[in-house]
Amino acid sequence: MLTSPASRYVRLRDACGAQGLRLTPQRDVLLRVLSETSGHPTADDLVRQVRAVLPSVSHATVYRHVQELVRANLVGTLERAGASVQYEVNPDSHHHFVCRSCGEVWDVYLDEVDYRVDRRRSHLRGFRIDRSEVQLRGVCASCRERA
Numbered sequence: 001m002l003t004s005p006a007s008r009y010v011r012l013r014d015a016c017g018a019q020g021l022r023l024t025p026q027r028d029v030l031l032r033v034l035s036e037t038s039g040h041p042t043a044d045d046l047v048r049q050v051r052a053v054l055p056s057v058s059h060a061t062v063y064r065h066v067q068e069l070v071r072a073n074l075v076g077t078l079e080r081a082g083a084s085v086q087y088e089v090n091p092d093s094h095h096h097f098v099c100r101s102c103g104e105v106w107d108v109y110l111d112e113v114d115y116r117v118d119r120r121r122s123h124l125r126g127f128r129i130d131r132s133e134v135q136l137r138g139v140c141a142s143c144r145e146r147a
């Protein structure tokens, strides 16, 4: 089920309070920006959007707040070789499609995927898996049309 920006904001705001993260004006604007963003912004994208509301906010402040949200598992990251880290707050179970031509990223919703580690072959005794990701790669419709 896709969540609305308003419900994402309330979820983030309440989760910050539950984790002892004070709702400063800077953090509040960042939460609103993250909640209203449908894509996968970089830290620089987030700084630009927060500065549209709070022009004097520093890059370091925005980055520090984003990292606190990541550590609190309230914001996810999308890390790809050769690209800036991208962030997202989509709480719905999903994966990503990355266009190998333009680099754009889209959320992909796959029917129930059940990941079970084959412990006999994986040799992961004592490991704790925090998350799993599926990344689909190909060429998006726009790039295919241009080709």
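Counting in my numbering, the sequence shown runs from 1 upward without gaps.
Ideal Cβ positions, reconstructed from N, Cα and C, are used throughout, including at glycine.
Residues in the same chain with beta-carbon distance under 8 Å from residue i, minus the five sequence neighbours each way, listed in chain order, please.
i: Gln49; result: Val33, Thr37, Pro41
i: Cys102; result: Cys140, Ser142, Cys143
Tell me which same chain residues have a C-beta within less than 6 Å of the C-beta of residue i, skipping the five on either side of it?
i: Val134; result: His95
i: Gln86; result: His40, Thr42, Leu78
i: Ala15; result: Leu74
i: Val105; result: His40, His96, Val98
Using the Cβ count rule (16 or more neighbours within 10 Å means buried), how would you classify residue i?
i: Arg121; result: exposed
i: Glu88; result: buried
i: Gln19; result: exposed
i: Leu31; result: buried
i: Arg71; result: exposed
DSSP puts residue i in a beta bridge; with which residues?
i: Cys140; result: According to DSSP, which records beta bridges pairwise, Cys140 is partnered with nothing at all.
Kindly examine the ligand ZN and report whether one of its heavy atoms sits closer than 7 Å to the Cβ of residue i.
i: Val57; result: With respect to the ligand ZN, the structure offers nothing, as it holds no ligand at all.
Can you tell me which of the options puts its alpha carbon nearest to the alpha carbon of residue i?
i: Leu21; options: Asp44, Arg51, Leu74, Gly126; result: Leu74
i: Cys143; options: Val98, Val117, Ser84; result: Val98
i: Pro25; options: Thr61, Ala6, Thr3, Asp44; result: Thr61
i: Val117; options: Ala147, Asp111, Arg125; result: Arg125
Give every residue of the same chain whose Cβ lies closer than 7 Å to the Cβ of residue i, excluding the five residues on either side of it in the sequence, and list them in chain order.
i: Val29; result: Val50, Val53, Leu54
i: Asp107; result: Asn90, His94, His96
*Can you list the beta strand (DSSP E) stretches of 3 or more residues lying completely in the region 50-96, in chain order?*
76-78, 86-88
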